[in-house]
Amino acid sequence: MNSKGRFYERWMQNERLAEVLRNQQSGNTEHDVLQHCIKETFTLPLFADMPSPPPPTGEVEDKCFMLPIPKSGYPFDVALRIIGPRGSTVKAVQGATGCKIVLYRGNPDLVRVHISATDYANIAAWRIEQAKRLIMALVEIPQAGQDTIKKLQLAELAVYKGTFTNRLKPPTIPQNNSRFVGNASRGKQQYSQSAIFKETNGMRRRFH
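Residue 132 in full-length UniProt numbering sits at position 132 of the sequence shown, and the numbers go up by one each step.
Here's what the structure looks like:
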């Protein structure tokens, strides 16, 4: 997908989320729709292509690792960066790696990240290494003006506060572009709450 296609997809995701927020009411249905849209819109790029674990060897074991990260030298709060809005970022790390992650912030100089996994020996070690890799990627200092993680976390936080708006300008789609002709005009209709709810229900049936 070229850059115009990616921008259009991003714009449509924001539009779907903004529409859900405008129309949401109390109840489980609206909550499920909102959570689906949040996950679709704010998944961090580093979770996009996760590798598969190796074939199992050895016995099932409990493994753990304590990852110390200094608090100084960062332009952000290290612990809050890892935790994310309402714990969403650390939950994503746990979901992607199969590890349990606990942060200890009592030390004035360090954030200690306790990572644990239970699996076959080599897979448990692999899961912990993947969790370490993702956590260190989260706290990597970005170039000025290119902090994608901060932008996505702040936008997700705005959703929870009810202040989210789609700040992306509507894309200009050439009339002769066959990939997008008609999509812009039908976008909101295709991605109404009922359509997203059907997709959410489909996900439920697959996992229950």
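Cβ atoms here follow ideal geometry from the backbone N, Cα and C, with glycine treated the same way.
Here ASP119 is buried: its Cβ has 16 or more other Cβ atoms, across all protein chains shown, within 10 Å.
Annotated as proximal: VAL139 and ARG81, with beta-carbon spacing under 8 angstroms.
Comparing alpha carbon positions, the residue from SER88, ILE83, ALA124 closest to ARG105 is ILE83. The continuous stretches of beta strand (DSSP E) do not include SER88, which lies in the alpha helix (DSSP H) extending over residues 88-97. Residue pairing of VAL111 in beta bridges, as defined by DSSP: ILE69.
For THR148, the secondary structure class from DSSP, reduced to helix, strand or coil, is helix. Straight through space, the alpha carbons of LEU154 and GLY145 are spaced by roughly 14 angstroms. For ILE83, the uninterrupted alpha helix (DSSP H) run begins and ends at 78-83, by DSSP. Taking the Cβ atoms as the reference, LEU134 lies roughly 15 angstroms from VAL102, outside the contact range of under 8 angstroms. Following the DSSP letters along the chain, one finds ILE101 inside the beta strand (DSSP E) bounded by residues 100-104.
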